[in-house]
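**Q**
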Amino acid sequence: MSSSSFHRSSSAAVVQLRPPLAEDDEQVLNAEFSRSASDPKQPSWRLVTPATTEACVLLIGAYNVIAQITSIFFLLSYAGVNIACLALDLTSAPNFRPNFKYFSVHTSFLGFIGCIAMMFFINSVSSGIAIILLLLLLIGLHYGAPMPASWGSISQALIFHQVRKYLLMLDSRKEHVKFWRPQILLLVANPKSCLPLIDFVNDLKKSGLYVLGHVKVISDSGLNRPIDPVQEDMPYWLGLIDYLKIKAFVEITVAASIRDGIQHLVRLSGIGAMKPNTVMLGFYDSTPHLNTFEKGKLLRNIKFAKLERAEVVEYFTAQDFDPDSATKRLTVHEYVSIIKDIIKMNKNIGLAKGFHRLDKEVLLKSSGYKCVDVWPVDLVRPENASTSWDNSSLFLLQLACILSMVSRWKTRIMLRVFLCVTSLQDMHHKEVQLKEMLSQLRIRAKSILLPWDHADSQQLLPSFNELLKRNSSQSAVVFLNLPLPPENIESAGSYVERLDLITADLPPSLMVYGISSVISTAL
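Residues in the sequence shown are numbered consecutively from 469, following our numbering.
Now the structure itself:
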């Protein structure tokens with residue numbers, strides 16, 4: 469009588485439990501049950517499955533063994549309840565309000581320890597097997613079963629609690645050059661034209677902060693829409709990060725102009741002491757943007773994506789998102805003004821050119837070495853080209869060194885540092901100085917000194933460009949000093965033309981200007 473009552477009650481309980489599991493799609497091997505679970509007229513699978521399980525247990529034929537098994541799994545389930553309540557209480561989640569009068573962290577912990585201890589007291593071997601089976605089930609559900617129904621993640625709540633605590637402890641007033649690391653804000657108009665650059669900057673960040681910033685230009689009438697345009701865009705940007713498999717945050721802002729929006733991003737991106745110290749953007753040009761999605765090498769395959777890869781590609785290649793139209797393009801005056809604004813806000817800046825030609829997969833799979841070249845030449849004061857190592861030149865050297873430290877790059881590239889020496893200077897003495905400095909900074913690089921007399925100021929930039937092409941035309945990436953923009957905004961056009969002349973017909977180039985000290989010999 470008692471056994472039949474137990475059978476009826478346990479079967480009824482399992483029947484009630486199984487449909488929610490099917491709704492979660494956890495029964496991935498039983499599609500037939502998943503289809504019938506929502507249909508009350510087809511209860512057969514709900515009854516057959518628990519009945520079969522019970523029959524298998526009863527076939528053991530020994531009540532003492534069956535009692536041990538059921539008791540162990542019963543205790544294991546309550547240990548899970550206790551540890552879940554303990555974790556929820558530790559996260560201080562406002563929605564966790566238990567009704568149990570005597571609930572506390574201590575009672576949850578004691579309940580968890582008590583359940584586990586009693587399991588091992590009953591049968592240590594069976595308890596160990598039960599815990600292993602539970603872990604295997606959790607791992608299988610985590611990696612192998614899609615979860616369309618979201619029940620929340622306790623790990624996310626715990627991570628938030630810890631991150632908030634440590635962010636408050638991170639004090640920007642205690643920053644020191646010894647522990648400097650790149651915290652980069654990359655300004656992106658449309659990822660369609662710059663996927664290789666996004667991937668390259670992800671390598672350049674070297675365990676630092678990486679933020680993708682985008683500005684949506686909307687008129688006052690557009691702000692009256694019932695839906696925030698940022699909320700519409702954000703899922704596609706997050707999907708892009710997932711498919712690129714980069715470690716980055718996304719910041720999108722709405723402004724009346726691109727310049728205003730970039731000021732918002734530079735000032736407000738990040739949180740606490742984790743704020744960008746370097747801003748990077750693409751080079752100014754009037755050529756149509758290329759579609760780097762067509763290569764398809766950088767977009768990886770991922771399981772259980774929120775958005776299909778085709779949806780993400782279609783969104784960023786759509787005409788509505790394309791900044792090629794004249795109304796969405798920056799003018800040269802706006803572009804130079806943005807550079808001046810970034811420097812005024814005390815941020816390092818980098819201008820990237822030609823990175824659509826960077827094929828990292830081919831580069832890293834090639835048998836030979838490729839060079840990463842550093843040219844710390846101050847074109848404003850070329851007479852100091854071989855003696856001036858200001859913050860900007862050291863920042864240039866630091867970025868190139870960071871790239872050479874990245875695991876996938878360091879086995880395939882060789883770092884080279886070029887210095888230009890006039891005929892009036894002692895080349896051997898300058899070479900010894902350069903090698904001593906690189907040794908002091910612990911940077912493994914090949915030092916190369918080149919004779920360069922620049923008597924004619926009119927031919928300074930063409931002469932330097934020819935020097936670059938002779939020595940760096942086959943390099944993977946070229947790092948160059950960025951001259952300061954002119955005070956008079958009317959000279960913006962000639963400033964951009966000079967930058968274009970310096971980098972003409974070169975491999976992917978990064979022109980940077982550093983504000984603060986970034987290199988220390990104390991570590």
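Ideal Cβ placement from N, Cα and C applies to all residues, glycine included.
According to DSSP, Lys914 sits in a beta bridge with which residue or residues?
**A** Arg884
**Q** Going by the beta-carbon positions, is the gap between Phe784 and Lys660 smaller than 9 angstroms?
**A** yes
**Q** In the DSSP assignment, find the unbroken alpha helix (DSSP H) run with Asn532 in it and report its ends.
**A** Tyr531 to Thr559
**Q** Could you give the first and the last residue of the continuous beta strand (DSSP E) run that contains Tyr981?
**A** Ser977 to Tyr981
**Q** Which residues bound the alpha helix (DSSP H) around Ile581?
**A** Val573 to Ile590
**Q** Cα separation between Met979 and Leu638?
**A** 31 angstroms
**Q** For Met702, does the three-state DSSP call read helix, strand or coil?
**A** helix
**Q** Going by alpha carbons, who is nearest to Ile983 out of Leu952, Asn956, Glu965 and Ser962?
**A** Leu952
**Q** Report yes if the CB atom of Leu749 is closer than 9 angstroms to the CB atom of Gly822, and no otherwise.
**A** no
**Q** Could you say which of Ala723, Asp701 and Ser737 lies nearest to Phe717 if we only look at CA atoms?
**A** Ser737
**Q** Taking the beta strand (DSSP E) that Ala868 falls in, what are its first and last residues?
**A** Per DSSP, Ala868 belongs to no beta strand (DSSP E); it is in the alpha helix (DSSP H), Asn859 to Met873.
**Q** For the beta strand (DSSP E) that contains Asp841, what are its first and last residues?
**A** Lys838 to Trp843
**Q** Counting pairs of beta carbons, one from the segment 660-671 and one from the segment 704-721, are three or more of them closer than 8 angstroms?
**A** yes
**Q** Here's a check: name, in chain order, each residue in its chain whose Cβ is nearer than 7 angstroms to the Cβ of Ile528, leaving out the five neighbours to either side.
**A** Setting aside the 5 residues that flank it on each side, Ile528 is surrounded in the same chain by Ile534, each with a C-beta closer than 7 angstroms to its C-beta; the list follows chain order.
**Q** What are the residues that DSSP puts in a beta bridge with Val679?
**A** Leu653 and Phe717
**Q** Just grab the DSSP bridge partners of Val747 for me.
**A** Leu653 and Ile817
**Q** Taking the C-alpha atoms as reference points, what is the distance between Asp809 and Tyr803?
**A** 10 angstroms
**Q** Quick check: the segment 574-585 against the segment 542-560, are there 3 or more CB pairs under 8 angstroms?
**A** yes
**Q** Going straight from the alpha carbon of Phe761 to that of Ile666, what length do you get?
**A** Distance between the alpha carbons of Phe761 and Ile666 is about 12 angstroms.
**Q** Please name the residue, chosen from Val525, Ile911, Gly740 and Ser941, that lies closest to Leu677 on a Cα-to-Cα basis.
**A** Gly740
**Q** Count the CB pairs spanning the segment 829-840 and the segment 872-890 that are closer than 8 angstroms, and state whether there are at least three.
**A** yes
**Q** Consult DSSP for Leu527 and reduce its assignment to one of helix, strand or coil.
**A** coil
**Q** Just reading off the alpha helix (DSSP H) that Leu929 is part of, what are its end residues?
**A** Leu928 to Ser940
**Q** Here's the rule: buried if 16 or more other CB atoms are within 10 angstroms of the residue's CB, otherwise exposed. What is Tyr981?
**A** buried
**Q** For Ser860, count neighbouring C-beta atoms within 10 Å of its own C-beta (all shown protein chains included) and say buried if the count is 16 or more, exposed if not.
**A** buried
**Q** Check each candidate in Glu958, Ser545 and Ile807 and name the one with the smallest Cα separation from Val734.
**A** Ile807
**Q** Check this for me: beta carbons of His997 and Asp701, under 9 angstroms apart or not?
**A** This structure does not reach residue 997, given that the chain is present from 469 up to 991, and the question cannot be answered.
**Q** In this structure, how does DSSP classify Lys684 when only helix, strand and coil are distinguished?
**A** strand
**Q** Could you tell me if Tyr570 is buried or exposed, where buried requires 16 or more neighbouring beta carbons within 10 angstroms of its beta carbon?
**A** exposed
**Q** With DSSP as the reference, label Glu500 as helix, strand or coil.
**A** Residue placement at Glu500 is poorly supported in this model, since its pLDDT is 44, which falls under 50; the coordinates still yield a value, given next. In the three-state scheme derived from DSSP, where H, G and I count as helix and E and B as strand, Glu500 is classed as helix.
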